[in-house]
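To keep things clear, I will list the structure first and then write my remarks on it.
Set out below in structure tokens:
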């Protein structure tokens, strides 16, 4: 199957993943790979106009990685992951949504 998009991790997202136990990290990477080839809203879900989240449930723990879209060159679509969290409630914390939006804005400012 062809990947529909590439995934890159900003430093904070990479650090979040590095600090997880190995099995949880492997499950998250597995789900991201799966999200790249399927349209599964359980794995990759739109939160608002700009921000999406990769979703993983592992050992009764909900992991989330926030992300946004970018285009590289003329064709390659990239999803940039900003940061992650372990979810305690059903609601997405507003502070994390706002943080992802700030990181997205900063990313595009640096890029131009």
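Residue numbers (the working numbering): 436 to 547. Backbone N, C-alpha and C fix where the C-beta goes; we use that ideal spot for every residue, glycine too. Quantities reported herein were computed from a predicted structural model and do not represent experimental measurements.
Residue burial annotation: residue 454 is exposed, with fewer than 16 other C-beta atoms found within 10 angstroms of its C-beta. Nearest to residue 506 by C-alpha distance, out of 459, 542 and 468, is 542.
For residue 476, there is no enclosing alpha helix (DSSP H), since its DSSP letter is neither H nor E.
Listed as beta-bridge partners of residue 512 by DSSP are 506. Straight across, the Cα-Cα distance linking residue 515 with residue 452 is about 14 Å.
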